[in-house]
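Below you'll find the structure, written out as structure tokens, and then a few comments.
Chains as they are written, first to last, in the working numbering: chain A, 858 to 985; chain B, 380 to 863; chain C, 476 to 924.
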């Protein structure tokens with residue numbers, strides 16, 4: 858199971874990549890493994906303003922469904938248009954092709970609440 | 380060992396649309412004896428595109444072949460936990476088809492449908508006696524519909540007292556329908572942990588003036604009696620709440636204990652479980668609801684009453700929650716359930732519950748030691764094992780599929796959620812010791828296979844017409860109808 | 476007891492294996508203070524022959540088409556049921572099976588539901604249909620909830636000409652969900668008042684709900700309603716209580732409906748004093764994940780053979796619990812099978828022919844009654860197989876006199892609509908011969924003499 862060093866993580870199993878004030882968000886390898894084969898991803902529209910900790914989308918497998926929570930607040934500036942037709946990208950490439958939304962960061966302070974890779978790995982091991 | 384399951388000649392069969400041949404007919408109508416008229420052209424369609432054209436023989440072969448791909452209670456043992464797959468008596472099918480019952484139109488005036496109304500009244504009376512409630516509505520079409528009716532009545536009762544309250548407590552062993560039904564009444568669902576049996580202390584900790592109701596299942600989905608139910612009801616009542624009971628598991632209690640006597644305020648029955656009406660491949664069921672006297676003003680309309688002028692339907696109920704469907708309920712299912720009750724009598728129903736509990740405990744005794752039993756408390760009508768001790772990287776799903784090869788319908792799997800890899804077995808009273816022995820031997824043989832030849836489980840089923848299906852593909856690119 | 480196989484010896488052996496002395500010992504988990512201390516007070520058990528006699532006795536106390544000429548409709552219809560329907564659904568592999576949770580041994584049920592979903596889509600002109608709901612009224616209520624969910628709006632406009640029991644059911648389902656229901660009156664011709672509808676529409680409306688045909692048997696102008704509804708972003712919910720009409724009428728889908736909910740009883744299901752019936756439910760592709768109820772989808776097995784499974788289950792209560800699209804679990808599976816068998820027999824030609832017969836006979840009866848002195852047909856819009864009659868005196872009196880001649884002449888409307896004391900609803904199907912219709916007309920003509 859992978860925990861890329863450059864990412865930040867949430868307790869709800871989202872990952873965040875920060876580049877130039879933009880947060881790219883997806884679900885972690887651990888999350889996709891727990892869900893099983895993903896069959897559907899519901900994403901917000903571009904322009905939606907998200908609030909940290911609130912649900913912004915849904916990931917479904919055959920037997921389970923899970924909300925996806927915004928790790929940070931801000932406006933959605935791009936969504937992954939591939940996911941509605943190829944939801945399996947969440948399974949095959951959770952950290953790259955399976956990204957979900959890009960959020961224009963509203964408040965850098967929120968980043969302090971996120972875990973780094975080591976802390977998340979420890980968190981996952983405790984959960985198991 | 381000779382197993383029940385074997386392979387034989389099974390016939391393939393296309394979709395009915397793929398058999399269609401233009402010009403074929405499978406119907407007959409008398410000649411039209413009045414002038415043929417049609418409607419203005421803008422209102423009329425040319426045809427129903429795609430509708431099949433088949434002869435009667437085509438249709439009969441088609442559905443006969445499809446039927447052979449199914450497994451029913453009449454085929455064999457069907458120990459689906461919490462579903463009470465008991466034998467469906469044939470005389471009940473006969474009486475439900477009597478023209479004087481199946482042919483009564485629901486708008487027939489009351490004085491010309493007294494037989495149908497009497498049957499419903501007698502069924503209400505019997506269900507009230509079996510459950511210990513003051514009044515019964517027969518209107519709900521299924522268990523979940525009964526839950527909705529019951530929770531609506533609970534909300535209406537609170538509203539009448541001035542505060543609808545906000546929350547409903549639901550233990551983690553509940554059916555998924557319970558939270559969904561509570562949500563339909565505008566309530567927030569608060570899940571509470573039960574540790575097998577719900578403790579009065581846990582309920583007391585969660586109970587406050589904003590809790591409208593506690594929803595319990597008793598016996599619960601682990602097959603255990605909620606032994607603190609009386610105290611739990613007292614705690615909920617003391618804070619002004621009500622207690623709802625999911626009656627799916629009433630088959631353990633007939634003639635032994637009555638939910639109405641335990642302090643429960645509302646309960647739904649599943650006539651298609653406890654009272655032997657067939658499940659029909661998913662329905663129709665019937666989900667009557669019993670309530671205490673305090674809740675009777677809120678019953679759905681119409682309310683069936685008996686008086687000097689016979690049986691009548693009372694629509695003048697100002698505090699009623701209203702109606703949940705058209706007409707009076709699934710009458711044809713009520714006929715079957717009433718026939719069952721009249722066939723069994725009081726002693727017969729009690730004997731049924733006793734033998735249902737005996738059968739579940741017998742299966743438990745034979746499998747305990749090989750399969751992990753997460754809750755060792757005394758079982759009632761069903762027993763829940765887990766796949767913890769299954770070897771060879773085999774899981775509950777593999778065991779279930781392998782049971783099919785042995786000729787059995789699998790138990791309920793992965794429910795209740797509190798047991799990881801749950802295997803929930805409800806034999807019911809209509810199965811003989813021989814059947815249970817054969818089933819248990821199959822279970823034990825599969826446990827050995829899991830250790831020695833786990834590939835057999837992973838590949839199962841192999842004796843069926845088709846093998847495991849790709850559910851992921853079905854959900855990713857849904858094909859929900861034939862498109863030629 | 477013939478349904479319980481245990482002998483005394485079996486019980487003894489089983490108790491020994493369990494390690495208890497008596498059957499009573501199995502119930503020690505139930506505290507004494509909640510035990511029933513007496514036998515239940517129920518009528519004595521009956522042998523099979525006695526039971527049959529008793530039920531026949533009950534059956535004799537009801538009026539049916541065998542004892543009376545019947546012109547009753549209003550949401551339940553007396554259509555001919557071919558013998559094949561009951562023969563097929565009496566295969567116990569169908570009727571003694573549970574919900575098809577184990578697809579490898581449930582392909583019969585699953586393929587039949589897939590065919591049923593296809594037939595419903597073809598009839599209604601919609602993209603997707605579910606595996607069934609309880610009945611037309613509850614399907615209509617679920618359609619309203621779906622429209623509210625999908626639009627995130629809270630106001631629903633309901634035609635006053637919708638079947639009153641459908642409307643009451645919608646009210647019950649919406650009772651505590653903070654949904655505002657607004658009635659749209661019907662116009663003088665019996666159709667929903669389009670100008671009133673236009674006035675009531677706005678950006679806060681989730682759905683417009685109308686019958687097709689409506690409760691008065693009248694054929695609504697769905698295209699106009701759909702245009703208006705969609706103009707303000709609302710969904711048109713069409714409730715079809717008499718689906719035989721869809722053999723003749725343009726489909727709701729073609730006319731622009733967004734959700735079609737209806738009652739499938741007309742398709743081979745006995746009137747059975749109001750149930751079990753068959754709620755059918757169809758919608759547009761874009762709304763499929765908001766739909767209530769089970770769906771069957773096509774897929775392949777490990778060896779690439781076609782098979783069918785329950786799919787998109789994450790909408791349902793057993794997975795999504797309080798956030799599910801509905802609480803429905805058991806549906807009306809066997810009734811859906813009856814409809815599937817019925818429609819496969821009728822086919823393309825039969826559904827048309829039976830619809831034309833219904834309409835023609837109703838038209839004949841309507842003209843004949845309109846010609847009677849003192850009687851009137853208050854609604855001028857086209858009807859399918861039902862119509863409202865205005866009598867020169869209270870409908871109860873007229874219908875009471877007809878009963879004396881063993882005629883069930885119609886449904887009095889006063890219970891549903893204040894001010895309609897003299898009106899009743901007459902239904903004519905392919906089962907009513909010209910001679911029966913003439914007898915009804917003659918009996919009405921003879922009234923008041």
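Just so you know, even glycine gets a beta-carbon here, dropped at the ideal spot from N, CA and C.
Check, Outcome
"Thinking C-beta only, is residue 454 of chain B closer than 8 angstroms to residue 568 of chain C?", "yes"
"Pick helix, strand or coil for residue 961 of chain A, following the three-state DSSP scheme.", "strand"
"Quick one: what's residue 625 of chain B bridged to in DSSP?", "B/596, B/647"
"Kindly indicate which residue of C/488, C/513, C/483, C/477 has the alpha-carbon position closest to the one of residue 742 of chain B.", "C/488"
"My parser needs the beta strand (DSSP E) runs of 3 or more residues fully inside the segment 763 to 824 of chain B; what are they?", "802 to 804"
"Helix or strand or just coil, what does DSSP make of residue 924 of chain A?", "strand"
"Strictly by DSSP, which residues pair up with residue 899 of chain C?", "C/864, C/887"
"Distance, Cα to Cα, residue 874 of chain C vs residue 763 of chain B?", "59 angstroms"
"With C-beta atoms as the reference, is residue 711 of chain C less than 8 angstroms away from residue 683 of chain C?", "yes"
"What first and last residue would you give for the alpha helix (DSSP H) that runs through residue 774 of chain C?", "Residue 774 of chain C -> not in any alpha helix (DSSP H); beta strand (DSSP E) instead, spanning 770 to 775."
"What are the start and end residues of each continuous beta strand (DSSP E) run of 3 or more residues lying completely inside the segment 536 to 565 of chain B, in chain order?", "546 to 550"
"Hey, out of B/589, B/705, B/392, whose CA is closest to residue 541 of chain B's CA?", "B/589"
"Would you call the segment 643 to 661 of chain B in contact with the segment 498 to 514 of chain B, where contact means no fewer than 3 C-beta pairs closer than 8 angstroms?", "yes"
"Can the beta-carbon of residue 665 of chain B be found less than 8 angstroms from the beta-carbon of residue 709 of chain B?", "yes"
"Using a Cβ-Cβ distance cut-off of 8 angstroms, determine whether residue 867 of chain B contacts chain C.", "Limits of chain B in this structure are 380 at one end and 863 at the other, which puts residue 867 of chain B out of reach."
"Kindly indicate the opening and closing residues of the alpha helix (DSSP H) around residue 926 of chain C.", "Residue 926 of chain C cannot be examined here, being either before or after the span of chain C that is shown, 476 to 924."
"Just checking: is the beta-carbon of residue 850 of chain B within a distance shorter than 8 angstroms of some beta-carbon in chain C?", "yes"
"Taking 8 angstroms as the CB-CB limit, is residue 963 of chain A close to chain C?", "no"
"Look at the alpha carbon of residue 590 of chain C and the alpha carbon of residue 396 of chain B, and state the distance between them as a whole number of angstroms.", "8 angstroms"
"Should residue 768 of chain B and residue 751 of chain B be called a contact, given that it needs their Cβ atoms to be closer than 8 angstroms?", "yes"
"Would the beta-carbon of residue 837 of chain C fall within 8 angstroms of that of residue 861 of chain C?", "yes"
"Less than 8 angstroms between CB atoms is the rule here; does residue 603 of chain C satisfy it with respect to chain B?", "yes"
"In or out: residue 678 of chain C buried (at least 16 other Cβ within 10 Å) or exposed?", "exposed"
"Can you find a C-beta in chain B that's less than 8 angstroms from the C-beta of residue 894 of chain A?", "yes"
"Using the beta-carbon count (16 or more within 10 Å), is residue 858 of chain A buried or exposed?", "exposed"
"For a contact defined as C-beta to C-beta under 8 angstroms, what are the partners of residue 710 of chain C on chain A?", "Per Cβ cutoff of 8 angstroms: no residues; residue 710 of chain C is ~19 angstroms from chain A at best."
"Following the continuous alpha helix (DSSP H) through residue 870 of chain C, name the residue where it begins and the one where it ends.", "870 to 879"
"Given a threshold of 16 other Cβ atoms within 10 Å of its Cβ, counted over all protein chains shown, does residue 389 of chain B qualify as buried or as exposed?", "exposed"
"The alpha helix (DSSP H) spanning residue 910 of chain C covers which residue range?", "909 to 921"
"Mind checking residue 795 of chain B: buried by the 16 CB within 10 Å criterion, or exposed?", "buried"
"Give me the subset of the segment 498 to 525 of chain B whose CB atoms are less than 7 angstroms from a CB atom of chain C, sorted by chain position.", "498, 505, 508, 509, 520, 521, 522, 523, 524"
"If I measure Cβ to Cβ from residue 599 of chain C and keep anything under 6 angstroms in the same chain, skipping five residues before and after, which residues do I get?", "726, 727, 728, 735, 757"
"Could you tell me the distance, in whole angstroms, from the CA atom of residue 829 of chain C to the CA atom of residue 417 of chain B?", "12 angstroms"
"Could you round the C-beta distance between residue 908 of chain A and residue 927 of chain A to whole angstroms and report it? I think they count as a contact, below 8 angstroms.", "6 angstroms"
"By the 10 Å Cβ neighbour count, where 16 or more other Cβ atoms means buried, how is residue 694 of chain B classified, buried or exposed?", "exposed"
"Could you check whether residue 592 of chain B and residue 622 of chain B sit closer than 8 angstroms to each other, using their CB atoms as the reference points?", "yes"
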